[in-house]
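The listed protein sequences correspond, in order, to chains A and B. When we follow the working numbering, the leftmost residue of the first sequence carries the number 62, and every step to the right adds one. When we follow the working numbering, the leftmost residue of the second sequence carries the number 143, and every step to the right adds one. Glycine included, each C-beta is placed from N, C-alpha and C at the ideal position.
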Amino acid sequence: MKNKYSIFSLIKNSFSYHENWQRAWRDPEPKSQYDIIIIGGGGHGLATAYYLAKEHNLKNIAVIEKGWIGGGNTGRNTTIIRSNYLWDASAGLYDHALKIWENLSQELNYNIMFSQRGVMNLAHNLHDVRELKRRTHANRLNGIDCEWLNVEQVKKFCPIINCSPEIRYPVMGSTLQRRAGTARHDAVAWGYARGADAMGVDIIQNCEVKGIKRKGDSIEGIDTTKGFIKTKKIGVVAAGHSSVIANMAGLRLPLESKPLQALVSEPIKPIIDTVVMSNAVHAYVSQSDKGELVIGAGTDSYISYTQKGTHEIVEGTLKAIIELYPIFSRLRMLRQWGGVVDICPDASPLITKTSIKGLYFNCGWGTGGFKATPGSGHLFAHTIAKDEPHALNAAFDINRFVSGDLVDEHGAAAVAH
Amino acid sequence: MFIINCPYCGERDHAEFSYGGEAHLVRPKQPTELSDDQWAEYLFMRKNIKGIQYERWNHSHGCRRWFNLSRDTSNDKIHSVYKIGEKPSE
Ligand SMILES: Cc1cc2nc3c(=O)[nH]c(=O)nc-3n(C[C@H](O)[C@H](O)[C@H](O)COP(=O)(O)OP(=O)(O)OC[C@H]3O[C@@H](n4cnc5c(N)ncnc54)[C@H](O)[C@@H]3O)c2cc1C
Ligand SMILES: [Zn+2]
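Here's what the structure looks like:
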């Protein structure tokens, strides 16, 4: 049994100098067979395993991770959470996740530091204004909170934004989703890992999947750096490496994997208590609890698995940041890093069955899947357990690329993160 | 973060170039006879390879001409440069 985290356990453990805390999850060797194997120990994979055990009462599940859990995009993202997407299918998907976020710390008994500090999406030209107002209406029709702020209201809500009409891309208004915000990325992976482990899920780290063994149109098992493991059902949740795993099974996916970068500044006193995104000039900023500004940059255009992008992208983002927030101009940047993001042509994810029986993919979250972590895991678990999609992820089937029924969020919404 | 050797202009910073995606995707000869599945394959499905990829680039801030590269997407090392219509040397 797992000890419950509480004020009492905190006090109790302080007497032993916090040296005797129970392990949050076991470190098992892989068994020779599992009923379900999840490939990829990011937030989405761990959440999938958690809901398979919790909602579908399934046992004998493993999560196989080549590095350490949360070391992929989960631990590299700028943690923006929002659900103000344009299309009905996306609104349903992302708001499902947002509703789970709202109670997740309590449910997992793990502080994921979910903070509903609001997310603003700035408009810099007439087209932005029209697009964002349209999205505000679309959101409201879908029951998602969204407000339009004019320039004076923008200035009032976030005073450090440069609202001068003289700048190259002047601020002409903004949307505001108050229920949106941020969460602590690592804690999400750790909280789900601890919860899944408590229900018997084996979390196997430092174990890379090297091959998928098929017999005709069904699955026999996986080859890993820790040997062959038998299984009939595989859920692949490998983000930027999804195509690599699809290729192992002889499948192709509609994905391109590209570098996406982020950076943080030196820590400063609280200065920005919301999240501000600007798609047009490509600058996103929020402030972490440590005081660092968390800044999201853009993707490079070419495929790369290097986990690093080019300097021009960072430079472009910082130029925009300085113009929008002159007060940051003398700040020094502390760290910069990249992730590999898997992007679909319509910038929407895949939560889908495949032509191979027992092989499922959850991918294509690209630059903006952190916000969907709990909902994605929940719906993917349903898809695997029932061998059919949940109503909320039916539109995110791979067959949309055959039927042409795309969920095109690229141009339509400020979908970058 | 790499230098590209344009077959027409020589070595330049990659920022002068635009990426044109996977190379050697041939447009189907008889489009009217294609099934929806075949269209999906051609339009959307990609190898998205981790390793040596053949890809198109345009020297958009230079001579504005198209050419091909073979590049290792796991470390961004360029292995060869060849002109449109040519076959890669490796
Ligand atoms: C810089 C940056 C900023 C971002 N900002 C935001 C944001 O603000 N808001 C937002 O919503 N989203 C954002 N995203 C996107 C978000 O991070 C991802 O969509 C999300 O975290 C994906 O989670 P995941 O669990 O699917 O993937 P990951 O966390 O990447 O997990 C996949 C795991 O699979 C493992 N794996 C891969 N291949 C194998 C193999 N062969 N065998 C075993 N394991 C394997 C990897 O090691 C990895 O741990 C950002 C991404 C980046 C890179
Ligand atoms: Zn040239």
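Cut-off 7 angstroms between Cβ atoms - residues of its own chain near residue i, not counting five sequence neighbours on either side
{"i": "A:G282", "result": "K274, F289, I290, K291, T292"}
{"i": "A:L467", "result": "D407, R461"}
{"i": "B:G204", "result": "C148, C151, R154, E158"}
{"i": "A:N223", "result": "E384, L385, Y386, P387"}
{"i": "A:D258", "result": "W86, R87, I264"}
{"i": "B:I226", "result": "W208, F209, N210"}
{"i": "B:I191", "result": "T215"}
{"i": "A:E269", "result": "K127, T285, T286"}
{"i": "B:F144", "result": "H156, D218, I220"}
{"i": "A:A474", "result": "Any reading at A:A474 must be qualified, since the residue scores a pLDDT of 46, below 50, and its modelled position is unreliable; the value itself is stated next. Hits under 7 angstroms: Y146, L147, R196."}
Near ligand 1: residue i beta-carbon under 6 angstroms from a heavy atom
{"i": "B:F159", "result": "no"}
{"i": "A:A299", "result": "yes"}
{"i": "A:H105", "result": "yes"}
{"i": "A:L169", "result": "no"}
{"i": "A:N138", "result": "yes"}
{"i": "A:A241", "result": "no"}
{"i": "A:G357", "result": "yes"}
{"i": "A:V337", "result": "no"}
{"i": "A:V270", "result": "yes"}
{"i": "A:A4", "result": "Nothing can be reported for residue 4 of chain A, as the shown portion of chain A is limited to 62 through 478."}
{"i": "A:F441", "result": "no"}
{"i": "A:G2", "result": "No statement about residue 2 of chain A is possible, as the shown extent of chain A runs from 62 to 478 and does not include it."}
{"i": "A:K160", "result": "no"}
{"i": "A:T378", "result": "no"}
{"i": "A:K120", "result": "no"}
{"i": "A:E126", "result": "yes"}
{"i": "A:I404", "result": "no"}
{"i": "A:N460", "result": "no"}
{"i": "A:I68", "result": "no"}
Any non-hydrogen atom of ligand 2 closer than 6 angstroms to residue i Cβ
{"i": "B:G204", "result": "yes"}
{"i": "A:H451", "result": "no"}
{"i": "B:Y150", "result": "yes"}
{"i": "A:H302", "result": "no"}
{"i": "B:H156", "result": "no"}
{"i": "B:H201", "result": "yes"}
Own chain residues within Cβ distance below 6 angstroms of residue i, not counting five before or after
{"i": "A:L324", "result": "I356, M394, Q397"}
{"i": "A:Q348", "result": "I333, L354"}
{"i": "A:G102", "result": "V124, E126, I130"}
{"i": "A:Q177", "result": "R240, G242"}
{"i": "A:G370", "result": "P320, Q322, D361, G399"}
{"i": "A:K63", "result": "A259"}
Residues of its chain near residue i, where Cβ-Cβ distance is below 8 angstroms and the 5 sequence neighbours each way are ignored
{"i": "A:G377", "result": "H343, A358, G359"}
{"i": "A:V375", "result": "Q322, L324, A358, Q397"}
{"i": "B:K189", "result": "E164, Q195"}
{"i": "B:P108", "result": "Past the edges of chain B, shown from 143 to 232, lies residue 108 of chain B, and the structure says nothing about it."}
Any non-hydrogen atom of ligand 4 closer than 6 angstroms to residue i Cβ
{"i": "A:I173", "result": "With respect to ligand 4, the structure offers nothing, as its ligand set consists of ligand 1 and ligand 2."}
Within chain E, partners of residue i - CB distance below 8 angstroms
{"i": "B:S160", "result": "Judged by its chain identifiers, the structure shown contains no chain E, and its protein chains are A and B."}
Item checked: Segments assigned alpha helix (DSSP H), at least 4 residues, entirely inside the stretch 385 to 444 of chain A -> As summarised for the stretch 385 to 444 of chain A, there are no continuous alpha helix (DSSP H) elements at least 4 residues long confined to that stretch.
Check: Taking Cβ-Cβ distances below 9 angstroms as the criterion, which residues of the stretch 356 to 376 of chain A are in contact with chain B?
Finding: So the list reads D361, S362, Y363, I364, S365, Y366, T367, K369, G370, T371, H372, E373, given in the order they occur along the chain.
Next item on the list: Take every Cβ of the stretch 362 to 379 of chain A, pair it with every Cβ of the stretch 150 to 168 of chain B, and state whether three or more of those distances are shorter than 8 angstroms.
Entry: Taking 8 angstroms as the limit for Cβ pairs, the verdict is that the stretch 150 to 168 of chain B does touch the stretch 362 to 379 of chain A.
Margin query: Please list, in chain order, the residues of the stretch 164 to 191 of chain B that have any C-beta partner in chain A closer than 7 angstroms.
Written below: Across the stretch 164 to 191 of chain B, CB contacts with chain A closer than 7 angstroms involve D178, D179, A182, F186, M187, R188, K189, N190, in sequence order along the chain.
Check: According to a CB-to-CB cut-off of less than 7 angstroms, which residues of the stretch 210 to 225 of chain B neighbour chain A?
Finding: Along the stretch 210 to 225 of chain B, the positions whose C-beta sits under 7 angstroms from a C-beta of chain A are T215, S216, N217, D218, read in chain order.
Margin query: Counting beta carbon pairs with one atom in the stretch 117 to 131 of chain A and one in the stretch 140 to 160 of chain A, are three or more of them shorter than 8 angstroms?
Written below: With fewer than three CB-CB distances shorter than 8 angstroms, the stretch 140 to 160 of chain A does not count as touching the stretch 117 to 131 of chain A.
Next item on the list: Tell me, please, whether the stretch 106 to 113 of chain A touches the stretch 428 to 445 of chain A by the rule of three or more beta-carbon pairs shorter than 8 angstroms.
Entry: Contact between the stretch 106 to 113 of chain A and the stretch 428 to 445 of chain A is present, because at least three Cβ pairs lie under 8 angstroms.
Notebook entry, point to check: Between the stretch 395 to 411 of chain A and the stretch 299 to 319 of chain A, are three or more C-beta pairs nearer than 8 angstroms?
Noted result: A contact exists between the stretch 395 to 411 of chain A and the stretch 299 to 319 of chain A.
Notebook entry, point to check: Three or more C-beta pairs closer than 8 angstroms, one from the stretch 197 to 210 of chain A and one from the stretch 242 to 252 of chain A: is that the case here?
Noted result: Taking a cut-off of 8 angstroms on C-beta distances, the stretch 197 to 210 of chain A does not touch the stretch 242 to 252 of chain A, as fewer than three cross pairs fall below it.
Notebook entry, point to check: At which residue ranges does the stretch 77 to 119 of chain A contain complete beta strand (DSSP E) runs of 3 or more residues, listed in the order of the chain?
Noted result: List check, beta strand (DSSP E) in window: 97 to 100.
Notebook entry, point to check: Can you list, in chain order, the stretches of the beta strand (DSSP E) that have 3 or more residues and sit fully within the stretch 347 to 390 of chain A?
Noted result: The stretch 347 to 390 of chain A is shown to contain whole beta strand (DSSP E) runs of 3 or more residues at 354 to 360, in chain order.
Next item on the list: Just list the alpha helix (DSSP H) runs in the stretch 259 to 340 of chain A, keeping only unbroken ones of 4 residues or longer that don't cross its boundaries, in chain order.
Entry: Within the stretch 259 to 340 of chain A, complete alpha helix (DSSP H) segments of at least 4 residues are found at 303 to 309, given in chain order.
Note to self: When you compare the stretch 120 to 134 of chain A with the stretch 154 to 166 of chain A, are there three or more beta-carbon pairs, one atom per stretch, that lie closer than 8 angstroms?
What the structure shows: With the rule of 3 Cβ pairs closer than 8 angstroms, the stretch 120 to 134 of chain A does not count as touching the stretch 154 to 166 of chain A.
Notebook entry, point to check: So, do the stretch 450 to 458 of chain A and the stretch 164 to 173 of chain A have three or more beta carbon pairs nearer to each other than 8 angstroms?
Noted result: Contact annotation: the stretch 450 to 458 of chain A does not touch the stretch 164 to 173 of chain A, with fewer than three C-beta pairs closer than 8 angstroms.
Margin query: Against chain B, which members of the stretch 441 to 460 of chain A pass a CB distance test of less than 7 angstroms?
Written below: Those would be none; no residue qualifies.
Checklist line | Residues from the stretch 255 to 282 of chain A in contact with chain B, defined by Cβ distance under 9 angstroms | finding: Within the stretch 255 to 282 of chain A, no residue qualifies.
Check: Three or more C-beta pairs closer than 8 angstroms, one from the stretch 169 to 183 of chain B and one from the stretch 328 to 340 of chain A: is that the case here?
Finding: They do not touch, by the three-pair rule.
Notebook entry, point to check: Using 8 angstroms as the threshold, is the stretch 297 to 306 of chain A in touch with the stretch 416 to 427 of chain A, meaning 3 or more CB pairs across them?
Noted result: Yes: at least three Cβ pairs fall under 8 angstroms.
Checklist line | Members of the stretch 313 to 324 of chain A near chain B, C-beta cut-off 8 angstroms | finding: Within the stretch 313 to 324 of chain A, the residues whose Cβ lies closer than 8 angstroms to some Cβ of chain B are R313, L314, P315, L316, E317, S318, listed in chain order.
Next item on the list: Let me know the alpha helix (DSSP H) ranges lying completely inside the stretch 185 to 215 of chain A, each 4 residues or longer, listed in chain order.
Entry: You should have 187 to 202.
Note to self: Give me the subset of the stretch 400 to 433 of chain A whose CB atoms are less than 7 angstroms from a CB atom of chain B, sorted by chain position.
What the structure shows: From the stretch 400 to 433 of chain A, only P406 have a Cβ closer than 7 angstroms to chain B.
Check: What are the uninterrupted segments assigned as alpha helix (DSSP H) that are 4 or more residues long and contained completely in the stretch 145 to 188 of chain B, given in chain order?
Finding: Counting whole runs of 4 or more residues, the stretch 145 to 188 of chain B contains the alpha helix (DSSP H) stretches 178 to 185.
Margin query: Quick check: the stretch 231 to 251 of chain A against the stretch 185 to 200 of chain A, are at least 3 beta-carbon pairs closer than 8 angstroms?
Written below: Here the stretch 185 to 200 of chain A makes contact with the stretch 231 to 251 of chain A; the two share three or more CB pairs at distances below 8 angstroms.
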